[in-house]
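Working notes, structure below.
Numbering (the numbering used here), first residue to last: 22 to 77.
As structure tokens, this is what we get:
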């Protein structure tokens with residue numbers, strides 16, 4: 022037989038697992054976003070460097 026506390030504990034564990042999965046997805050999204058921003062900044066920097074060399 023399952024006790025009420027055992028059943029409730031399992032339900033909380035399940036809820037915690039779901040929230041950790043969601044946090045993991047947010048973390049991955051943040052990392053990918055930061056990577057994209059870094060590549061974008063490097064591309065803009067390279068473009069400005071080439072433009073500067075062209076006009077000098």
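We put the CB at the ideal spot given by N, CA and C, even for glycine. Predicted, not measured: the structure shown is a model, and the values here were computed from it.
Through-space distance from residue j to residue i, alpha-carbon basis
i	j	result
residue 13	residue 57	With the chain covering only 22 through 77, there is no way to say anything about residue 13.
residue 75	residue 52	35 Å
residue 63	residue 54	14 Å
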